[in-house]
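Below is one structure, written out as structure tokens, with a few remarks after it.
Residue numbers (my numbering), protein chains in the order written: chain A, 1 to 270; chain B, 271 to 505.
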């Protein structure tokens, strides 16, 4: 184990996993409270186009995916405000269009695309030093913002009218939440991939909800579960020589199933 | 005494449909004002327009200012809670969400005034409809508002809880001098507890002192020919 932790790629993987686990799990609290799971899934899938632009133009794909997804989040917000279409319809159209654009762009480049596979399914063990720096800086900024504005974001997630009555600008904070979420999802794609990244957003908070009896407990347990799942999944994937993203998600869903079974058992005994 | 709320020529339209049509009235300090009318008559829209929650035409002045300028002086209890009540959030945590410095605000005081002091550690999802409305009332009272807006705040409360809820509102008005504007369907409670009444059916049908403005004829205009007013000697 000590030898494993001395490997530079494993050190980078663990730091990225712990930072992103915490970031995505905390954003997950607001995502589940506001029922924004489809938004998260949609933005993550559409990020393929952003990554494809980076791969094609030989620009950093993580940065191009970040810019693309944040612009997409702003577009979703604007269309929600300006059109009579439902949020789900807007996200559904943009999500599939982004994914389709990504596929078309990638097909312009001949041969096997290992980087693309990395974006689709994640590869935490291939995180480069500059990726890690970007992940840590952006995650720090977002978490700092969430901690500073936790009360406002929670009230907005609970009830838009109440947030307004408390003197909070609902439009401004909603847009910020969308942009932060898009940013966090793209960073998470490096670990879990486009297809699986939503799991770490939803699973820890959903597991914590099963036994938390206050918001404080929920926040604490969400963080603990996310970090446990990240470390457990990463180590397990290394020892079993299996894809890290998929193993992390499977560890998370196993923890959820066990907690769910325990909660049912507790309820029947009372 | 100058009015604390002035509404002039207020009209609200949603997608071409008129929700409110040139409504004008004023409200004086310290009163309990009830807003009544059939479903779709614009009661909730009226409250939301006053609070700046929906776009409108016309003029609304609160304490001779715009709503944005006096927002901290207003309290609002919505018709229903929009969020998933199974979310783990205690009553105390919910109340504290509204304040930057909870320790400086009378959290315990408002919970006691609304009869919810013993429930502060309970999860929101474990409360009955009536208890939840009391928590929302405590939440609205936290900043000691000068006007309290209640939008059918008694929906979901049983008959027994109804009288208790209105008594609490009455006490808050009389003891703390809070002006109350409430949308309600309970005509008997409105007759008993309100000082003034606004009768709406998209436009203003009648308004004034409850005991004089609320007549059988007005009720017929609002709810049809089967509606009538029978007074049973309320105190």
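Backbone N, C-alpha and C define an ideal beta-carbon position, used for all residues, glycine too. Quick caveat: nothing in here was measured; it's all calculated off a predicted structure.
Q: Return the chain-ordered list of same chain residues with a C-beta closer than 6 Å to the C-beta of residue 377 of chain B, the five sequence neighbours on each side being excluded.
A: 365
Q: Go through its chain and collect everything with a Cβ distance to residue 23 of chain A's Cβ below 7 Å, but skip five positions before and after it.
A: 139, 142, 143 and 184
Q. Taking 8 Å as the CB-CB limit, is residue 222 of chain A close to chain B?
A. no
Q: With a threshold of 16 other CB atoms inside 10 Å of the CB of residue 191 of chain A, please say whether the residue is buried or exposed.
A: buried
**Q.** Cβ neighbour criterion (16 or more within 10 Å) applied to residue 2 of chain A
**A.** exposed
(Q) According to DSSP, is residue 288 of chain B part of a helix, a strand, or is it coil? (A) strand
Q. Would you call residue 479 of chain B buried or exposed, if buried means 16 or more other Cβ atoms sit within 10 Å of its Cβ?
A. exposed
**Q.** Cβ neighbour criterion (16 or more within 10 Å) applied to residue 327 of chain B
**A.** exposed
Q. Given that residue 323 of chain B touches chain A, what residues does it touch there, using C-beta distances under 8 Å?
A. 161 and 164
Q. Out of B/420, B/288, B/384 and B/467, which has the shortest C-alpha to C-alpha gap to residue 485 of chain B?
A. B/467
Q) With a cut-off of 8 Å, does the C-beta of residue 59 of chain A fall near any C-beta of chain B? A) no
**Q.** Alpha-carbon to alpha-carbon, residue 424 of chain B and residue 257 of chain A
**A.** 39 Å
**Q.** Where residue 118 of chain A falls: helix, strand or coil (DSSP)
**A.** helix
(Q) Using a Cβ-Cβ cutoff of less than 8 Å, which residues in the same chain neighbour residue 385 of chain B once the five nearest sequence positions on both sides are dropped? (A) 404, 434 and 438
**Q.** Counted within 10 angstroms of its Cβ, other Cβ atoms place residue 268 of chain A as buried (16 or more) or exposed
**A.** exposed
Q.
List, in chain order, every chain B residue whose beta-carbon is nearer than 8 Å to that of residue 277 of chain A.
A. There is simply no residue 277 of chain A to check, as chain A begins at 1 and stops at 270 in what is shown.
Q. What are the residues that DSSP puts in a beta bridge with residue 346 of chain B?
A. B/419
Q. Along the chain, which unbroken stretches of the alpha helix (DSSP H) at least 4 residues long are found entirely within the segment 18-90 of chain A?
A. 37-57 and 61-82
Q: Look up residue 253 of chain A in the DSSP assignment and say whether it is helix, strand or coil.
A: helix
Q.
Pairs of beta-carbons, one from the segment 346-355 of chain B and one from the segment 386-402 of chain B, closer than 8 Å: are there three or more?
A. yes
Q: Could you tell me which residues DSSP puts in a beta bridge with residue 275 of chain B?
A: B/297 and B/332
Q) Excluding the five sequence neighbours on either side, which residues of its own chain have a C-beta within less than 7 Å of the C-beta of residue 504 of chain B, listed in chain order? A) Because residue 504 of chain B sits at a pLDDT of 49, beneath the cut-off of 50, its placement in the model cannot be relied upon, and the following sentence gives the value as read from the coordinates. Same-chain partners within the cutoff: 461 and 462.
**Q.** 6 Å Cβ shell around residue 287 of chain B - same chain, five flanking residues per side excluded
**A.** none
Q: Classify residue 469 of chain B as buried or exposed, calling it buried when 16 or more other Cβ atoms lie within 10 Å of its own Cβ.
A: buried
(Q) Checking the sheet assignment: what are the DSSP bridge partners for residue 469 of chain B? (A) B/306 and B/476
Q: Starting from residue 368 of chain B, trace the beta strand (DSSP E) both ways and give me its first and last residue.
A: From DSSP, residue 368 of chain B is part of no beta strand (DSSP E); its letter is neither H nor E.
Q: Identify the continuous alpha helix (DSSP H) that holds residue 451 of chain B and give its terminal residues.
A: Element bounds for residue 451 of chain B: not the alpha helix (DSSP H) but the beta strand (DSSP E), 449-453.
**Q.** Complete alpha helix (DSSP H) runs within the segment 385-410 of chain B (minimum length 4 residues, chain order)
**A.** none
(Q) Counting only C-beta atoms, is residue 260 of chain A closer than 8 Å to chain B at any point? (A) no
Q: Could you work out which residues of chain A lie near residue 344 of chain B, taking near to mean beta carbons separated by less than 9 Å?
A: 165
Q.
What residue range does the alpha helix (DSSP H) around residue 123 of chain A cover?
A. Neither: residue 123 of chain A is in no alpha helix (DSSP H) and is coded neither H nor E.
Q | residue 311 of chain B classed as buried or exposed, judged by whether at least 16 other C-beta atoms fall within 10 angstroms | A | buried
Q: Along the alpha helix (DSSP H) that carries residue 315 of chain B, what are the first and last residues, could you check?
A: 313-320
Q.
Contact criterion: CB-CB distance below 8 Å. Does residue 376 of chain B meet it with respect to chain A?
A. no
Q.
If the cut-off is 8 Å on Cβ atoms, which residues from the segment 138-160 of chain A count as contacting chain B, listed in chain order?
A. 151, 154, 155, 157, 158, 159 and 160
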